[in-house]
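Working notes for the structure below.
Protein chains in written order, with this note's numbering: chain B, 1479 to 1660; chain A, 61 to 443.
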């Protein structure tokens, strides 16, 4: 096992962050970094706007950026609200429930770590409380199971899923998805 | 009413290198070969070139090209972004510059060793211009994975099938089989080959993906007035447009309200608004085909059919010669060469000159499009 810790991630410094807006400063140096391999898998490289998402994920919370003035949710996160142009934002906790909006089953040629698991699945999930907020992810049989742990025939657009979290590398956690009815 | 681009400029010359999986020469050399060939085709001396336009992803810059070919003093140079979305924008930028007097002889080009060179997704240090943190960790690594996601949803929502995608692949291959310059000139495609080929990213198989090609192409743009004195039949730039829709997210457009509505619609709205004719008047189309599902999406976006009808549009040989809309008549990115869509521009010119290897009789109007699903661009050409 070889874990290379990414040069900068937002997680550690934000572990104590409350539900109020997270201080982005910890992630400012992350934008130029390349994805660090964790056993050859690509780790998220947060930018300033995305850092709080990953910080909350490390705490096992799925949160989406919302405008602190007009309340509109937005994803991916960005500096200001496209509806009212407010620069004030907060991170609203989601129920973690959703439905598969679409999916693919990648086959080689792929980066070696991914090729070894091919075909695996990659899915896009629309969130139950905000169907137009969609997150890319993987459908797995258990939080730490492999990317190919769910048989391809179980994947279906519209299938109900719920979020779980997986620590890809030290301090780097990503949301993943489990079938509501496995 | 201000200045208009309508028919103010024309493509007077086109040039290309051979296309192959591997060409020994450098991208810079290939660029210079295509550009000098285009200038020779136009009968214009390199010293008269005073404008350049290419893609932001083009590795050879204007300085290198200009000094190699012996260009004169250059007063306009521009680059268009978003990979294959920038193809038609290169010509559009030159048209605007020439129509407004900023330059007189413009060269647009693309040179690429995608066949033998690196594939962008293989190098994790060089990320494609997508929001990588939201997709890469989950194994959405390649454009085929990103577009496959939209394709699966499109199939689900509108009843599109793999046979519809095959219709696109087949039309392109059939035209390539008529084009000696095409990489797939002597390689016919059958439905059985398509249906039994290996997957790349389900629902997309090998034949849903464009080629990996080494090659370069160029065209020369001048004022309409000057073009009438050149060696070749002028091909007029009747209209040009770029498209970046509100709340668009690039190739991974999963976060907009309606991800199946792409940049083509935005470009199309402006294109048709400034044109003297409409989709029903198009004799032949060159539609960006890095992946087969981009074609039905583009057919909808550019108004050849209604929302969700793009797949059905491909039925009954509609995209073949003699069909409703002959498509990618040189073979396109799927079967002639994948050079970020520039061969679609030059093929459009050949059709309107009457010199295509798969000539549509009396073709007088041609739509050329750039990559759908990324910020895009399009041209209406006419003879």
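All C-beta atoms in this analysis are idealised placements derived from N, C-alpha and C, irrespective of residue type, glycine included.
Helix or strand or just coil, what does DSSP make of residue 1640 of chain B?
Looking at residue 1640 of chain B - three-state DSSP - the assignment turns out to be strand.
Delimiting residues of the alpha helix (DSSP H) encompassing residue 411 of chain A
Element bounds for residue 411 of chain A: 402-413.
Nearest by alpha-carbon distance to residue 236 of chain A: which of A:317, A:133, A:394 and A:375 is it?
The shortest CA-to-CA distance from residue 236 of chain A to any of A:317, A:133, A:394 and A:375 is the one to A:394.
Mapping DSSP to helix, strand and coil, what is residue 1510 of chain B?
Residue placement at residue 1510 of chain B cannot be trusted, given a pLDDT of 40 that sits under 50; what the coordinates show is reported in the next sentence. Reduced to three states, the DSSP call for residue 1510 of chain B is coil.
Paired residues, beta bridge with residue 115 of chain A - DSSP
DSSP, once it has assigned bridges, lists A:140 as partnering residue 115 of chain A.
Please report how far the alpha carbon of residue 1622 of chain B lies from the alpha carbon of residue 1595 of chain B, in whole angstroms.
Those two C-alpha atoms are separated by around 14 Å.
Can the beta-carbon of residue 170 of chain A be found closer than 7 Å to that of residue 351 of chain A?
Residue 351 of chain A sits away from residue 170 of chain A, with the two beta carbons spaced by 7 Å or more.
Would residue 326 of chain A and residue 363 of chain A qualify as a contact pair, given that the criterion is a beta-carbon distance under 7 Å?
Taking 7 Å as the cut-off, the Cβ atoms of residue 326 of chain A and residue 363 of chain A do not count as close.
From residue 115 of chain A to residue 248 of chain A, what does the alpha carbon distance come to, in whole angstroms?
A direct Cα-Cα distance of roughly 32 Å separates residue 115 of chain A from residue 248 of chain A.
The segment 1531-1538 of chain B contacting the segment 1642-1654 of chain B, beta-carbon criterion three pairs below 8 Å
Taking 8 Å as the limit for Cβ pairs, the verdict is that the segment 1642-1654 of chain B does touch the segment 1531-1538 of chain B.
Considering only residues of the same chain and omitting the five flanking positions on each side of residue 398 of chain A, which have a CB-CB separation below 6 Å?
Excluding residues up to 5 positions away in sequence, 270, 271 and 273 lie with their Cβ nearer than 6 Å to the Cβ of residue 398 of chain A in the same chain.
Using a C-beta to C-beta distance shorter than 7 Å, which residues of chain A count as neighbours of residue 1525 of chain B?
Within 7 Å Cβ-Cβ: 193.
How would you label residue 244 of chain A, buried or exposed, when you count the other beta carbons within 10 angstroms and need 16 or more for buried?
Around the beta-carbon of residue 244 of chain A, 16 or more other beta-carbon atoms lie within 10 Å, marking it buried.
Cα-Cα separation, residue 295 of chain A to residue 1634 of chain B:
The C-alpha of residue 295 of chain A lies about 49 Å from the C-alpha of residue 1634 of chain B.
Closer than 7 Å, CB to CB, is residue 262 of chain A near chain B or not?
Closer than 7 Å to some Cβ of chain B, the Cβ of residue 262 of chain A qualifies, so yes.
My output table needs one value for residue 416 of chain A: the three-state DSSP class, helix, strand or coil.
If DSSP states are grouped into helix, strand and coil, residue 416 of chain A belongs with coil.
Going along chain B in order, which residues have a C-beta closer than 9 Å to the C-beta of residue 209 of chain A?
Under the 9 Å cutoff, chain B gives 1579, 1580, 1581, 1582, 1600, 1601, 1602 and 1614.
Below-7 Å beta-carbon distance, residue 1610 of chain B vs any chain A residue
Closer than 7 Å to some Cβ of chain A, the Cβ of residue 1610 of chain B qualifies, so yes.
Own chain residues within Cβ distance below 7 Å of residue 1573 of chain B, not counting five before or after
Sequence-distant partners of residue 1573 of chain B (beyond 5 residues in either direction) whose C-beta falls short of 7 Å from its own C-beta, in its chain, are 1606 and 1607.
In chain A, which residues lie less than 9 Å from residue 1519 of chain B when you measure between Cβ atoms?
Within 9 Å of the CB of residue 1519 of chain B, the CB atoms of chain A belong to 197 and 199, in sequence order along the chain.
Would you report the Cα separation of residue 371 of chain A and residue 365 of chain A, rounded to the nearest angstrom?
Using only the alpha carbons, I get a separation of about 10 Å.
By how many angstroms is the C-alpha of residue 192 of chain A removed from the C-alpha of residue 1512 of chain B?
Only weak support exists for where residue 1512 of chain B lies, its pLDDT of 49 falling under 50; the value from the coordinates is given anyway. Straight through space, the alpha carbons of residue 192 of chain A and residue 1512 of chain B are spaced by roughly 10 Å.
Can you list, in chain order, the residues of its chain whose CB lies under 8 Å from that of residue 1584 of chain B, leaving out five sequence neighbours each side?
Result list for residue 1584 of chain B: 1592, 1596, 1597, 1598 and 1600, in chain order.
Could you tell me whether any non-hydrogen atom of the ligand NAP is closer than 6 Å to the CB of residue 401 of chain A?
No copy of the ligand NAP appears in this structure; indeed no ligand is present at all.
Show which residues of chain A have a CB atom less than 9 Å away from the CB atom of residue 1561 of chain B.
In chain order: nothing, as chain A lies at least about 10 Å away.
Taking only beta-carbon atoms, is residue 308 of chain A less than 7 Å away from chain B?
Not closer than 7 Å to any Cβ of chain B, the Cβ of residue 308 of chain A fails to qualify, so no.
Tell me which residues share the same chain as residue 1570 of chain B and place their Cβ nearer than 7 Å to its Cβ, disregarding the 5 neighbours each side in the sequence.
Answer for residue 1570 of chain B: 1541, 1542, 1544 and 1551, listed in chain order.
Is the segment 63-81 of chain A touching the segment 97-111 of chain A in the sense that three or more CB pairs, one from each, lie closer than 8 Å?
The segment 97-111 of chain A is in contact with the segment 63-81 of chain A.
So residue 1656 of chain B packs on residue 1642 of chain B, CB below 8 Å; how close in whole Å?
Their Cβ separation, rounded to whole angstroms, is 5 Å, which keeps residue 1656 of chain B and residue 1642 of chain B in contact under 8 Å.
Go ahead and label residue 1566 of chain B buried or exposed: buried means 16 or more other beta carbons lie within 10 angstroms of its beta carbon, across all protein chains shown.
Result: exposed.
Starting from residue 147 of chain A, trace the alpha helix (DSSP H) both ways and give me its first and last residue.
Its alpha helix (DSSP H) spans residues 147-159.
What three-state label does DSSP hand residue 307 of chain A in the structure shown?
Three-state result, residue 307 of chain A: coil.
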